[in-house]
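Number of protein chains: 2
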Amino acid sequence: MSDGLDTRYLESLPGYNTRRAALTIISRFMDRMAQYDLRPADFSVLSLIGHNPGITSRQLCSALNILPPNLVGLLKGIEKRQLISRSSHPTDGRAMRLALTAKGKALMQEAEATALESDLSAASALSPGEINTLIGLLQKIYLAPT
Amino acid sequence: MSDGLDTRYLESLPGYNTRRAALTIISRFMDRMAQYDLRPADFSVLSLIGHNPGITSRQLCSALNILPPNLVGLLKGIEKRQLISRSSHPTDGRAMRLALTAKGKALMQEAEATALESDLSAASALSPGEINTLIGLLQKIYLAPT
DNA sequence: TATTGTTATACTCTATAACTATA
DNA sequence: TATAGTTATAGAGTATAACAATA
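If you read the sequences in order, they're chains A and B.
Numbering (the working numbering) for the first sequence: 14 to 159.
Numbering (the working numbering) for the second sequence: 14 to 159.
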């Protein structure tokens with residue numbers, strides 16, 4: 014740092030470093046995705062629906078750590094934009110099967126390419142090998158049994 | 014995952030993985046630090062004050078990416094708890110020098126040990142060498158020039 | 001004219017309780 | 001009795017505009 018502050022203790026904490034890096038990457042992500050009017054949660058929900066047609070709200074919530082009440086408004090918004098469709102579940106009358114519309118598929122094809130490009134450019138100080146190493150280490154943390 | 018969802022695209026994004034890991038570590042951090050009634054921002058502000066006695070609000074804001082209006086209430090809270098003191102700046106009448114009180118020092122000595130222990134246990138799926146590698150890669154990202 | 005610290009305020013994100021309809 | 005989806009609501013976290021005092 015050029016301000017001469019002692020930040021050594023904070024920089025020894027895995028959590029501090031992980032959060033700072035996440036904010037750096039996501040800040041760029043939000044700038045890049047504004048052109049599609051997609052915030053991070055919209056994007057991850059749409060991406061998961063796109064790769065898993067027929068997924069239910071509950072599955073989205075547990076996969077993405079979103080609380081059910083907070084998903085309601087999000088789904089309402091992307092449905093109103095005609096990016097997703099809901100159809101009744103064949104065996105469970107309570108659940109709804111979610112899928113991308115043609116419009117949603119077209120948007121996400123572009124958005125996913127932009128997102129990957131954004132994240133890779135945010136990590137461009139790292140070599141491709143280092144990025145793979147980083148992702149592997151991060152997954153060890155958040156996939157570890159509690 | 015045991016739910017059979019295809020999450021391969023999201024797991025290819027550095028930002029998604031970094032955010033998921035950060036939330037995992039910080040969730041544990043918040044649980045562990047509740048005994049001291051410290052939230053992440055309180056902790057990082059107090060830690061930086063402790064390691065940089067005489068630091069100003071503005072320096073805290075730029076080092077921690079906090080906006081000045083949002084620091085006001087935070088400082089008011091930890092000052093009311095008698096964890097910090099404010100003294101007038103010797104050369105700049107606008108600024109205030111911040112420092113930990115004896116009570117603040119005692120609290121932070123415990124809290125910093127607990128925080129490090131919490132973060133290391135959250136990353137216990139990694140070897141010490143892997144943790145060092147991870148921290149180095151993360152710093153390359155958030156310290157890189159924009 | 002620019003900067004430090006502040007107030008007021010708004011918007012987003014996240015969290016809890018309670019309801020309905022189905023299982 | 002438990003679960004999927006929903007409503008209402010409250011609390012954090014984060015953002016901008018504008019001000020007084022000082023540089």
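For glycine and all other residues, C-beta sits at the position ideal for the given N, C-alpha and C.
Quick caveat: nothing in here was measured; it's all calculated off a predicted structure.
Under the three-state DSSP convention, the category residue i falls into
{"i": "Leu139 of chain A", "result": "coil"}
{"i": "Leu111 of chain A", "result": "strand"}
{"i": "Arg32 of chain A", "result": "helix"}
{"i": "Ile144 of chain B", "result": "helix"}
{"i": "Gly79 of chain B", "result": "Per the sequence presented here, residue 79 of chain B reads as Ile, with Gly not at that position. Coil."}
{"i": "Arg41 of chain B", "result": "helix"}
{"i": "Arg52 of chain B", "result": "coil"}
{"i": "Met14 of chain B", "result": "Note that Met14 of chain B has pLDDT 40, beneath the 50 cutoff, so the model's placement of it is unreliable and the number below is only indicative. Correct three-state label for Met14 of chain B: coil."}
{"i": "Arg99 of chain A", "result": "strand"}
Cβ separation of residue i and residue j, assumed to be a contact under 8 Å, to the nearest whole Å
{"i": "Met109 of chain A", "j": "Ser75 of chain A", "result": "Incorrect: roughly 16 Å between the Cβ atoms, too far for contact."}
{"i": "Ser98 of chain B", "j": "Phe42 of chain B", "result": "The pair is not a contact, with the Cβ atoms about 26 Å apart (cut-off 8 Å)."}
{"i": "Leu120 of chain B", "j": "Leu96 of chain B", "result": "6 Å"}
{"i": "Ala136 of chain A", "j": "Ile154 of chain B", "result": "5 Å"}
{"i": "Asp55 of chain B", "j": "Leu18 of chain B", "result": "About 37 Å; that fails the 8 Å criterion."}
{"i": "Thr146 of chain A", "j": "Thr146 of chain B", "result": "7 Å"}
Cα-Cα separation, residue i to residue j
{"i": "Ala138 of chain B", "j": "Pro27 of chain A", "result": "13 Å"}
{"i": "Ala35 of chain A", "j": "Ser134 of chain A", "result": "14 Å"}
{"i": "Leu61 of chain A", "j": "Leu150 of chain A", "result": "22 Å"}
{"i": "Ile79 of chain A", "j": "Ile38 of chain A", "result": "20 Å"}
{"i": "Arg45 of chain A", "j": "Ile148 of chain A", "result": "21 Å"}
{"i": "Pro81 of chain B", "j": "Gly142 of chain B", "result": "37 Å"}
{"i": "Ser100 of chain A", "j": "Gly90 of chain A", "result": "17 Å"}
{"i": "Met14 of chain A", "j": "Asp105 of chain B", "result": "Because Met14 of chain A sits at a pLDDT of 39, beneath the cut-off of 50, its placement in the model cannot be relied upon, and the point is left open."}
{"i": "Leu51 of chain A", "j": "Gln122 of chain B", "result": "43 Å"}
{"i": "Glu125 of chain B", "j": "Pro103 of chain A", "result": "53 Å"}
{"i": "Met49 of chain B", "j": "Tyr49 of chain A", "result": "At residue 49 of chain B the sequence reads Tyr, which differs from the Met that was named. The alpha-carbon atoms of Tyr49 of chain B and Tyr49 of chain A are separated by roughly 42 Å."}
{"i": "Arg33 of chain B", "j": "Arg32 of chain A", "result": "10 Å"}
{"i": "Arg107 of chain A", "j": "Ala157 of chain B", "result": "49 Å"}
{"i": "Leu59 of chain A", "j": "Pro53 of chain A", "result": "10 Å"}
{"i": "Asp16 of chain B", "j": "Glu92 of chain B", "result": "48 Å"}
Own chain partners of residue i with C-beta closer than 8 Å, once the 5 adjacent residues on each side are dropped
{"i": "Asn65 of chain B", "result": "Gln72"}
{"i": "Tyr29 of chain B", "result": "Leu23"}
{"i": "Lys118 of chain A", "result": "Gly63"}
{"i": "Gly67 of chain B", "result": "Arg110, Leu111 and Ala112"}
{"i": "Ile144 of chain B", "result": "Leu133 and Ala136"}
Neighbouring residues, chain A, relative to residue i (Cβ below 7 Å)
{"i": "Asn83 of chain B", "result": "By Cβ distance, chain A contributes nothing, its closest Cβ being about 14 Å from Asn83 of chain B, past 7 Å."}
{"i": "Thr31 of chain B", "result": "Thr31, Ala34, Ala35, Ile38 and Leu151"}
Contact set for residue i: own chain, Cβ-Cβ below 7 Å, skip 5 residues either direction
{"i": "Ser57 of chain B", "result": "Leu77"}
{"i": "Gln152 of chain A", "result": "none"}
{"i": "Lys116 of chain A", "result": "Gln95 and Leu96"}
Contacts that residue i makes with chain B (C-beta to C-beta distance below 7 Å)
{"i": "His102 of chain A", "result": "Under the 7 Å cutoff, chain B gives no residues; its nearest Cβ is about 16 Å from His102 of chain A."}
{"i": "Gln72 of chain A", "result": "Asp16 and Leu18"}
{"i": "Asp132 of chain A", "result": "Leu26, Pro27 and Gly28"}
{"i": "Tyr22 of chain A", "result": "Ser60, His64 and Glu125"}
Residue i: contacting residues in chain B (beta-carbon distance under 8 Å)
{"i": "Tyr155 of chain A", "result": "Asn30, Arg33, Ala34, Leu36 and Thr37"}
{"i": "Leu139 of chain A", "result": "Leu150, Lys153 and Ile154"}
8 Å Cβ cut-off: residues of chain A touching residue i
{"i": "Leu129 of chain B", "result": "Ser25 and Leu26"}
{"i": "Thr146 of chain B", "result": "Thr146 and Leu150"}
Chain-ordered chain A contacts of residue i [CB-CB under 9 Å]
{"i": "Leu68 of chain B", "result": "In the sequence under discussion, the amino acid at residue 68 of chain B is Ile, which differs from the Leu named in the question. Going along chain A in sequence order, the residues near Ile68 of chain B (Cβ under 9 Å) are Leu18."}
Under 9 Å by beta carbon: chain B residues contacting residue i
{"i": "Ala108 of chain A", "result": "By Cβ distance, chain B contributes nothing, its closest Cβ being about 14 Å from Ala108 of chain A, past 9 Å."}
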